[in-house]
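*Asks:* Starting off with a structure, shown below.
Protein chains: 6
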Amino acid sequence: MTKVLTMGEIMLRLKPPVNERIIQTTSFEANYGGAEANVAASLALLGEDAAFLTKLPSNPLGDAALYTLRGYGVDTTRILRGGPRLGIYYFEKGASVRTTSVVYDRAGSSFAEAQPDEFDWPMLLDDVDTFYFSGITAALSPAMASALQAACGYCEAHGITVVLDTNYRGKMWTPAQAQATMKTLLPHVSVVLAHDEDFEATLGIKAFDGDETRGIEQVASFEAAMREVQRRYPNIHTVGSILRDIRSVEDSDWTALLLQDGTLSRAVTHHLHVMEGVGSGDAFGAGLLHAMRQGLTGEPLINYALAASVLKLTIQGDINLNTDAEVKALMNHAGAMNR
Amino acid sequence: MTKVLTMGEIMLRLKPPVNERIIQTTSFEANYGGAEANVAASLALLGEDAAFLTKLPSNPLGDAALYTLRGYGVDTTRILRGGPRLGIYYFEKGASVRTTSVVYDRAGSSFAEAQPDEFDWPMLLDDVDTFYFSGITAALSPAMASALQAACGYCEAHGITVVLDTNYRGKMWTPAQAQATMKTLLPHVSVVLAHDEDFEATLGIKAFDGDETRGIEQVASFEAAMREVQRRYPNIHTVGSILRDIRSVEDSDWTALLLQDGTLSRAVTHHLHVMEGVGSGDAFGAGLLHAMRQGLTGEPLINYALAASVLKLTIQGDINLNTDAEVKALMNHAGAMNR
Amino acid sequence: MTKVLTMGEIMLRLKPPVNERIIQTTSFEANYGGAEANVAASLALLGEDAAFLTKLPSNPLGDAALYTLRGYGVDTTRILRGGPRLGIYYFEKGASVRTTSVVYDRAGSSFAEAQPDEFDWPMLLDDVDTFYFSGITAALSPAMASALQAACGYCEAHGITVVLDTNYRGKMWTPAQAQATMKTLLPHVSVVLAHDEDFEATLGIKAFDGDETRGIEQVASFEAAMREVQRRYPNIHTVGSILRDIRSVEDSDWTALLLQDGTLSRAVTHHLHVMEGVGSGDAFGAGLLHAMRQGLTGEPLINYALAASVLKLTIQGDINLNTDAEVKALMNHAGAMNR
Amino acid sequence: MTKVLTMGEIMLRLKPPVNERIIQTTSFEANYGGAEANVAASLALLGEDAAFLTKLPSNPLGDAALYTLRGYGVDTTRILRGGPRLGIYYFEKGASVRTTSVVYDRAGSSFAEAQPDEFDWPMLLDDVDTFYFSGITAALSPAMASALQAACGYCEAHGITVVLDTNYRGKMWTPAQAQATMKTLLPHVSVVLAHDEDFEATLGIKAFDGDETRGIEQVASFEAAMREVQRRYPNIHTVGSILRDIRSVEDSDWTALLLQDGTLSRAVTHHLHVMEGVGSGDAFGAGLLHAMRQGLTGEPLINYALAASVLKLTIQGDINLNTDAEVKALMNHAGAMNR
Amino acid sequence: MTKVLTMGEIMLRLKPPVNERIIQTTSFEANYGGAEANVAASLALLGEDAAFLTKLPSNPLGDAALYTLRGYGVDTTRILRGGPRLGIYYFEKGASVRTTSVVYDRAGSSFAEAQPDEFDWPMLLDDVDTFYFSGITAALSPAMASALQAACGYCEAHGITVVLDTNYRGKMWTPAQAQATMKTLLPHVSVVLAHDEDFEATLGIKAFDGDETRGIEQVASFEAAMREVQRRYPNIHTVGSILRDIRSVEDSDWTALLLQDGTLSRAVTHHLHVMEGVGSGDAFGAGLLHAMRQGLTGEPLINYALAASVLKLTIQGDINLNTDAEVKALMNHAGAMNR
Amino acid sequence: MTKVLTMGEIMLRLKPPVNERIIQTTSFEANYGGAEANVAASLALLGEDAAFLTKLPSNPLGDAALYTLRGYGVDTTRILRGGPRLGIYYFEKGASVRTTSVVYDRAGSSFAEAQPDEFDWPMLLDDVDTFYFSGITAALSPAMASALQAACGYCEAHGITVVLDTNYRGKMWTPAQAQATMKTLLPHVSVVLAHDEDFEATLGIKAFDGDETRGIEQVASFEAAMREVQRRYPNIHTVGSILRDIRSVEDSDWTALLLQDGTLSRAVTHHLHVMEGVGSGDAFGAGLLHAMRQGLTGEPLINYALAASVLKLTIQGDINLNTDAEVKALMNHAGAMNR
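Protein chains in written order, with the numbering used here: chain A, 2 to 340; chain B, 2 to 340; chain C, 2 to 340; chain D, 2 to 340; chain E, 2 to 340; chain F, 2 to 340.
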């Protein structure tokens with residue numbers, strides 16, 4: 002089995018227990034996660050041979066992050082060690098009308114400080130047929146954007162598929178910066194994921210009017226944006242996107258669109274009681290990639306990816322702890338028994 | 002006050018805290034429960050003189066199971082001690098579209114290995130006017146089915162009412178096996194509880210088409226099945242059944258039907274936010290039995306049983322920790338104050 | 002900045018974790034709260050200079066209550082120390098159709114036993130421009146009602162605004178007792194809060210028919226009652242009231258009315274998934290007071306107060322841990338993102 | 002089997018977890034205990050038929066206290082229900098040089114407020130051959146002392162053995178008050194337990210010089226005091242006493258003396274690492290009583306009682322959760338394996 | 002780097018939190034461990050390439066056990082899947098004079114039920130230079146003893162070193178059974194570990210008089226037994242043994258002896274405050290093996306093994322979470338700073 | 002009452018629960034502490050008017066740190082807000098022979114990045130009579146050393162006493178750097194605290210040979226070093242120092258020396274079972290300062306300071322949660338009762 006390599010930052014996630022706020026808590030639940038790490042772990046749990054590339058400090062926090070991923074079956078042998086620290090994000094889950102709030106403390110992390118010449122691409126991409134990263138990695142530093150450039154170039158030269166989750170983070174860069182960087186990467190990419198404001202912020206193509214309570218009715222606008230992506234970058238054969246109506250922290254409807262070589266498919270709509278919204282985009286990416294590698298296309302493909310994504314909404318922690326069988330069970334069965 | 006005796010297996014229930022999955026948890030909440038044990042404990046809390054019959058290992062796990070029931074007021078003096086182990090079930094609560102998952106580890110338990118001649122029915126049924134068991138006990142082993150045979154025979158000969166919750170478990174036996182065993186027991190039974198697939202699997206009478214998102218609209222089919230039960234077994238004067246629309250792990254509507262000597266009554270419908278689905282059938286059985294012993298019939302009877310059942314959906318642990326006053330309060334009041 | 006002084010009892014609140022019932026729990030979460038303490042803490046977090054007046058025992062429980070308030074920024078220098086004990090309330094949160102249940106254990110507390118002559122009003126009300134208390138304080142004892150009488154008299158004489166949350170507690174006194182006491186206090190009051198049965202029980206003016214599942218449709222009756230309050234006590238220039246449709250412990254809609262010098266304003270309606278109902282009236286009072294002091298009137302004023310109130314429903318513990326910025330964010334934005 | 006009845010107050014015990022102090026904790030571990038309740042529960046776990054007499058409020062706290070004892074096998078059918086509240090004690094465990102600290106909040110409890118005429122002694126003492134209480138019960142109120150007078154009189158008249166643990170509590174009464182009350186009870190007593198300052202405070206006989214770091218070397222003085230007890234009250238055939246060298250919260254040596262009809266026996270000395278000091282006197286009383294009922298005398302008797310007592314020092318919660326087999330194992334084996 | 006393969010059963014370990022007893026606990030801490038699994042994990046953390054061989058059920062419990070080991074770096078690719086269940090052991094930690102108590106619930110586990118022909122030795126031992134197992138594996142079933150026979154034969158034929166930790170368990174077999182089985186395995190073994198009663202029970206050579214409070218003074222007797230082992234089995238070039246004075250659950254002294262080709266070495270003595278005694282023998286085995294592979298002999302070798310062993314006594318869970326650097330730091334430094 | 006101002010960094014402290022290691026934990030206990038913050042909080046709890054000066058980020062972590070100190074009574078009104086982040090330290094408590102391990106993650110914190118011109122000394126030192134800082138603050142950055150220079154100069158010019166805890170941290174700077182900086186500060190200082198390697202590393206005066214298992218026998222060398230400090234800096238009228246024999250993480254003896262204007266006093270020796278070693282130096286500093294302000298000198302002074310210090314060893318979290326009465330109780334009483 003050939004390998005998928007994902008590249009990005011994994012952080013310590015600190016979350017107050019049971020809906021407490023940061024200012025009142027006396028303990029934090031500790032998890033380790035990050036967009037591309039989540040994708041690697043989910044791929045491994047779905048049955049893929051997945052490796053993760055990052056740089057971790059040589060201390061117990063770095064060890065714990067590595068052990069977590071290795072436990073779920075991720076190949077961690079390509080991870081670099083050293084540098085100053087492990088990044089952190091504080092995750093304060095919202096409830097009802099109180100929105101979830103995240104405090105990032107990731108500046109100066111070992112991965113963010115890594116330099117392009119630390120990455121030996123021929124060795125790191127050996128045996129790899131798919132390379133996956135998100136806009137977060139590109140946003141970390143100009144050095145990291147350079148490293149991605151080198152990696153994408155190597156991939157194109159060696160027939161390795163590149164998957165990009167655009168994953169815009171307004172706390173890390175501006176749309177102008179994001180678009181400038183993305184323009185240098187997109188010509189190498191085959192599969193693109195973009196949701197909500199990602200289209201406009203990272204691709205400069207408006208799909209979403211910003212009203213998250215009625216995303217699903219904007220399906221035509223999303224489709225147009227997806228087609229525009231393929232028009233601009235004919236190398237991108239697949240575009241996937243989640244659409245949501247978010248009524249409160251807990252209560253939302255989710256569907257998804259897939260554009261494959263000009264053909265649009267739409268997933269069913271799931272009505273959801275959300276436990277934890279973090280990582281559902283990563284679960285979508287892993288699900289889409291796994292289903293593609295299993296040979297699915299069109300509606301089954303997008304339904305699989307969406308089922309993986311919404312199952313993540315029921316999981317504590319960044320990583321989608323669901324198996325291929327569980328994703329398929331949800332695809333084949335709308336309701337859910339309570340025993 | 003005469004006594005109700007329930008007979009069955011009580012297990013250690015291990016549940017990951019706060020919606021964690023088994024593969025990620027570092028601790029389990031420990032409860033002790035099982036269908037007939039739950040019924041006995043609920044009866045005691047509702048005010049009945051209830052005894053429980055099982056066999057428990059002579060170790061601290063067996064002690065803890067016994068102490069739990071005794072604490073809630075169950076007469077535990079008829080419990081046998083000895084044998085190899087206490088059965089376990091791992092309870093992984095689902096959320097939203099992720100279904101609840103149970104791993105049974107009950108093979109080789111002290112109760113499952115018990116032999117018919119260990120049960121001294123004249124002594125065990127002394128002072129008892131009602132004997133309650135479920136299909137789970139019958140499914141445990143041929144020896145246990147024999148023991149139940151002996152008990153039912155003794156009951157019939159001594160005017161002790163027999164109550165059967167059909168409680169089909171597809172992981173324990175096949176419909177063919179269940180029906181064969183039930184046929185030998187049903188002639189001794191006066192009260193039968195059956196829900197969902199129980200009718201078809203244990204009685205061979207189809208009531209439910211398997212679509213749990215729309216059980217309530219199948220009321221006519223349930224009624225027909227209930228009438229057919231009484232037609233076949235005129236000794237069964239009372240049949241009770243729960244009907245549900247289950248939209249997700251948390252979100253469902255519940256109603257219930259009662260057939261008493263040919264007269265059908267229907268309970269009100271409750272809209273519910275389910276905390277824990279386990280044990281609601283047992284709570285229904287205990288509620289029905291207690292209300293019958295209080296002299297209720299018809300609509301009040303089935304409304305009481307259903308109120309007891311849906312209150313269980315708000316409780317952590319197998320046992321329905323609600324009192325007679327609390328069940329009545331729900332019967333008399335639809336809404337619920339949040340202070 | 003001049004100061005708001007609130008006066009009342011702060012108690013140790015003991016709550017079983019994660020929806021357990023009192024009879025099954027092996028631990029209690031400990032918080033410190035009480036109507037007027039909650040108001041003071043919320044005011045401090047919203048940016049006001051707020052002081053709290055009570056009497057606390059000279060033991061670690063009294064210390065802990067004081068430290069909690071001081072931590073959130075409340076001026077605790079006017080608190081008296083001594084007396085027998087800290088009052089307690091056991092808070093058993095309901096779920097779905099099981100109602101929340103509270104066991105009070107507050108008799109004989111240091112504050113309830115305090116005598117009028119322990120309160121040196123000129124010193125205690127120095128620098129204060131607003132004095133806030135609720136009907137709970139008045140209900141504690143005839144001595145406490147006398148103390149409030151003295152305080153209100155001093156306020157009126159010195160131009161200090163008096164705010165009264167009528168806050169009827171049927172476990173503490175009867176409507177007749179409440180109305181008799183209130184009649185002596187209301188002539189000194191400028192701002193009155195009353196919800197649900199408060200109008201009838203404490204003011205003798207019927208606003209609400211008792212059906213909490215349909216409070217919002219009774220808006221006309223509430224308006225009439227509010228106008229009647231101003232008619233009887235022209236000194237009361239502002240009346241605020243919350244109206245709710247409560248469908249279950251978790252599920253409800255909330256709106257609010259404001260009558261200011263004869264002009265009625267109505268807030269938007271929030272649909273809510275309630276985490277904890279306690280203290281939402283106190284959060285409303287603090288929000289209303291803060292917004293008034295910021296110069297808001299009419300719809301913005303009542304929308305601010307309601308937003309503060311419903312945000313409290315998402316918080317663990319008695320105190321509304323939301324800032325002015327967070328209240329405003331909810332006012333300006335209906336939905337809520339889950340990341 | 003005839004029955005032992007113990008009489009006293011059972012309280013909710015609230016303890017901060019893991020050595021936290023009250024002023025910093027955000028939760029309390031909840032147990033239910035009290036001197037005589039602990040004795041009843043330990044007796045039941047050792048195999049005796051033990052009943053407990055108290056008065057509990059008709060609320061979930063009272064229920065929980067009752068369920069706890071019933072779970073461990075105590076006959077709770079003689080418990081009265083009603084009255085204002087359940088008493089509480091806050092237990093802040095010390096460590097090393099920081100002493101353990103207890104805050105009592107027991108005033109006004111249902112039991113403390115109970116009146117002598119609520120106790121129907123012929124019914125309560127039916128089937129009982131031994132009546133056990135401690136000085137704490139006598140100290141609660143003059144009414145309770147009267148009730149004990151009546152009980153002791155009934156016992157003497159009906160051949161029921163009375164056991165008294167003198168158990169002096171300086172926070173409840175003075176030595177003068179204690180001695181005055183004790184003088185009225187001691188003529189009815191057959192077995193007396195007294196430790197440390199109990200001799201002087203409750204009996205007016207000095208045994209201990211107050212230096213708890215060197216109690217064991219004062220053995221001669223303890224023996225003299227024990228003999229003086231028997232000299233003054235020839236009806237007291239048995240006196241038991243624990244002697245300790247307490248070097249820190251964790252580190253101490255324990256031994257014990259027994260005077261039976263003039264013959265002194267001394268137990269071995271145990272070197273201990275104390276987990277929780279509460280309830281070791283109660284465990285001693287239960288151990289002594291059980292061993293006497295088993296027919297032990299002299300050294301085996303006092304060694305059994307002491308082994309029971311020091312095993313309690315390894316247990317969380319007020320009740321000595323050790324069985325007869327475990328006590329005997331310690332008697333017969335000095336060391337302790339760590340696997 | 003060549004590989005070490007260890008073979009045995011890994012179980013779910015359930016432990017009440019913070020010194021609670023099983024009969025009182027409401028939760029269990031969950032770990033996964035077992036003698037040979039612990040050795041493999043410790044070897045991996047010390048820097049070896051270690052693989053573990055067992056059979057795990059195809060359910061989430063089996064997954065969790067596998068993920069745990071894989072996380073710590075164990076090669077889990079040779080683990081068989083299938084069979085009925087994961088074995089359990091309940092671990093009730095003692096304190097002071099209360100001994101630790103273990104309830105095994107391992108009968109019928111997937112590994113215990115595995116048959117010799119499920120083990121394809123040429124494949125399983127490929128790339129392996131050391132094979133490690135303990136007497137526990139041999140005791141599981143005659144089938145497992147046969148499997149070990151086959152493995153040992155294959156090892157001898159292919160120059161793979163066999164290491165045996167005799168690890169006698171009186172709850173699994175008798176000395177006679179143990180010795181009969183061991184006689185068939187010992188001729189293939191090169192390294193033997195034996196402690197305490199292991200010598201007599203599994204080898205029929207008395208070393209220890211059974212008094213665990215004074216094991217260290219029996220050093221001469223241990224030495225004689227170790228020499229006798231080498232005399233009987235000249236193929237055994239190395240024998241290692243721990244000697245202890247155990248004064249209580251927490252308080253003990255540990256030393257160790259090593260006999261290598263006739264030369265005896267003795268380790269320093271550590272005075273210890275034990276947190277958890279489980280797995281210290283496994284930590285010793287892993288330490289000894291790793292140090293041997295690093296080329297250590299004599300005193301440094303046995304000091305390394307003992308340091309690894311006693312560090313385990315400070316760790317929660319079965320697995321010795323200490324690195325090579327930490328073991329060496331203890332070897333080189335007696336004391337321990339508290340910051 | 003005049004005020005003490007302490008200045009330094011407060012961090013989030015993350016500690017795995019119950020002796021877990023960082024690599025295995027799934028949660029961290031959260032406290033907020035740092036040398037000078039601990040001193041301020043302890044002073045406040047001892048009864049002083051204490052203020053703390055630092056810079057905290059404008060986010061919930063900064064709020065929580067501030068609220069914690071304010072809760073314990075520290076004047077937090079002089080704290081600056083802004084900058085990038087709150088520093089963190091991970092605290093992995095050791096046990097027995099496993100040493101405690103700390104991972105610092107404090108680079109780039111708001112306080113470490115603060116510039117000298119942000120500190121308006123006339124305003125910050127208004128009403129202050131004592132200024133306290135430790136070597137940690139000086140080590141943070143050259144800018145911070147400059148700020149301290151300015152503060153010390155201002156203090157000297159305005160008669161404000163300067164207290165310095167030398168507090169050497171080898172992870173922050175070298176002895177050469179420390180000594181160079183200290184030389185510029187010491188001429189302004191009146192009271193110096195130095196323990197263990199502090200003398201040599203920060204003052205260039207050898208007192209301690211590095212063997213922490215036998216610090217107390219080096220009393221003569223410590224005395225000589227203390228006298229040398231006063232010889233070099235006659236402005237330093239008081240030098241305090243702790244001496245320890247540390248046998249393991251839990252087990253140690255502590256004493257202390259005080260040199261006041263040439264007169265040496267020695268404290269009693271405490272034998273301790275340490276729960277948590279962090280912050281005992283800060284507790285010593287606060288104790289010394291409070292006792293000096295109470296007018297104590299000589300032996301009572303150093304005994305008070307040491308009693309405060311060793312009481313901290315029994316407390317969870319960085320802050321010494323003991324009152325003046327509790328410190329005095331330990332001074333007056335060697336042993337400790339376990340009830």
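For every residue, glycine included, the Cβ atom is placed at its ideal position computed from N, Cα and C.
Could you give the residue range of the beta strand (DSSP E) that holds MET8/B?
*Replies:* Segment 4 to 8, the beta strand (DSSP E) holding MET8/B.
*Asks:* Taking C-alpha atoms, which residue in THR162/D, PRO18/D, PRO61/D lies nearest to GLY83/D?
*Replies:* PRO61/D
*Asks:* Which class does ALA139/F belong to by DSSP, given the choice of helix, strand or coil?
*Replies:* Per DSSP, reduced to three states, the secondary structure at ALA139/F is helical.
*Asks:* The stretch 30 to 64 of chain F: which residues have C-beta closer than 7 Å to a C-beta of chain A, in chain order?
*Replies:* GLU30, ALA31, ASN60, PRO61, LEU62, ASP64
*Asks:* Would THR1/D count as contacting chain B if we go by Cβ distances under 8 Å?
*Replies:* Chain D is shown from 2 up to 340; residue 1/D falls before or after that span and cannot be answered.
*Asks:* Going along the chain, which residues of its own chain have a beta-carbon closer than 8 Å to the beta-carbon of ARG170/C, five neighbours each way excluded?
*Replies:* GLY136, ILE137, ALA140
*Asks:* Are the C-beta atoms of SER142/A and some chain F residue less than 8 Å apart?
*Replies:* Chain F, which has no Cβ nearer than 8 Å to the Cβ of SER142/A, makes this no.
*Asks:* Where in the stretch 85 to 127 of chain E do unbroken runs of the beta strand (DSSP E), each at least 3 residues long, occur, reported from the N-terminal end onward?
*Replies:* For the stretch 85 to 127 of chain E, whole beta strand (DSSP E) runs of length 3 or above, ordered along the chain, are 89 to 93, 102 to 106.
*Asks:* Along chain E, in chain order, which residues have C-beta atoms closer than 9 Å to that of GLY72/B?
*Replies:* Chain E residues near GLY72/B: none, gap ~11 Å exceeds 9 Å.
*Asks:* Let me check you understand the geometry: is the CB of ALA113/F closer than 7 Å to at least one non-hydrogen atom of the ligand COA?
*Replies:* Among the components modelled here there is no ligand, and therefore nothing to report on the ligand COA.
*Asks:* Nearest-angstrom Cα distance between ILE303/D and TRP255/D?
*Replies:* Their Cα atoms are separated by approximately 12 Å.
*Asks:* I want to verify the contact list: residues of chain H whose CB lies under 9 Å from the CB of TYR91/A, in sequence order.
*Replies:* The chain labelled as chain H is not found among the protein chains of the depicted structure, namely A, B, C, D, E and F.
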